[in-house]
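*Asks:* Here it is, the structure in full.
In the numbering used here, the protein residues as written are 1367 to 1550.
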């Protein structure tokens, strides 16, 4: 989100994805074979969309370039970062070395570079943390602070936290101090 003037905030309306065959006849004229083809038609109707598919995989630069080329100049994205950054444990329950890794985040930023200037926020979607995964809110905030101190902040970073008990006044004050955005 942005602001066209100092005192005139605005909201962009878009969807959390655009690659839905069920939208044929509603949003799309015909079935397409590739996601980027749906995006081009979607972008003629809406000013923004979330790229949620990158939560499941690290994107390629060519995919980011294709998305960039499919939309008009004023179109923007919200981008979900790969879950490798947000899962505490990897396969088999072992510790995930990529959890809030600045190096993995840097690789992600490099791969999405073709979308520079079009990204409103990068979202980090965290799983629900039981005590085995995260001892508590304070430990989560410490991990986020260490991450925030080591990564570029040109693009706002949004935090999607699934632990309702973490969402306290202290937590929101912490996000504000760290210039992190809460994602509902």
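All C-beta atoms, glycine included, are put in the ideal place defined by N, C-alpha and C. If you're wondering where the values come from, they're calculated on a predicted model, not measured in any experiment.
1) When the Cα atoms are used, what is the spatial distance from residue 1434 to residue 1539?
2) Return helix, strand or coil for residue 1492, following the three-state DSSP convention.
3) Over the uninterrupted beta strand (DSSP E) stretch that includes residue 1443, give me the two end residues.
4) Tell me whether the beta-carbon of residue 1534 lies closer than 8 Å to the beta-carbon of residue 1493.
5) If the criterion is Cβ atoms closer than 8 Å, does the pair residue 1430 and residue 1477 meet it?
6) Taking the CB atoms as reference points, tell me whether residue 1484 and residue 1421 lie closer together than 8 Å.
7) On the CB-based measure, 16 or more other CB atoms within 10 Å of its CB, does residue 1502 come out buried or exposed?
8) Under the three-state reduction of DSSP, which class applies to residue 1532: helix, strand or coil?
9) Check whether the region 1455-1475 and the region 1406-1417 touch, using three or more Cβ-Cβ pairs below 8 Å as the test.
10) Whole-angstrom Cβ separation of residue 1469 and residue 1450, contact assumed at under 8 Å?
11) Is the separation between the beta-carbon of residue 1363 and that of residue 1445 shorter than 8 Å?
12) With DSSP run on the structure shown, which of helix, strand or coil describes residue 1464?
13) Quick one: Cα of residue 1386 to Cα of residue 1419, how far?
14) Considering just the uninterrupted stretch of the alpha helix (DSSP H) at residue 1435, what are its terminal residues?
15) Taking residue 1514 as part of the alpha helix (DSSP H), name the residues at either end of that continuous run.
16) Inspect the beta-carbon positions of residue 1424 and residue 1474 and report whether they are closer than 8 Å.
*Replies:* In short, the structure shows the following:
1) 35 Å
2) coil
3) 1442-1446
4) no
5) yes
6) no
7) exposed
8) helix
9) no
10) Actually they do not touch by this definition, with Cβ atoms about 11 Å apart.
11) As displayed, the chain neither begins before 1367 nor continues past 1550, which places residue 1363 out of reach and without an answer.
12) coil
13) 12 Å
14) 1427-1436
15) 1503-1516
16) yes
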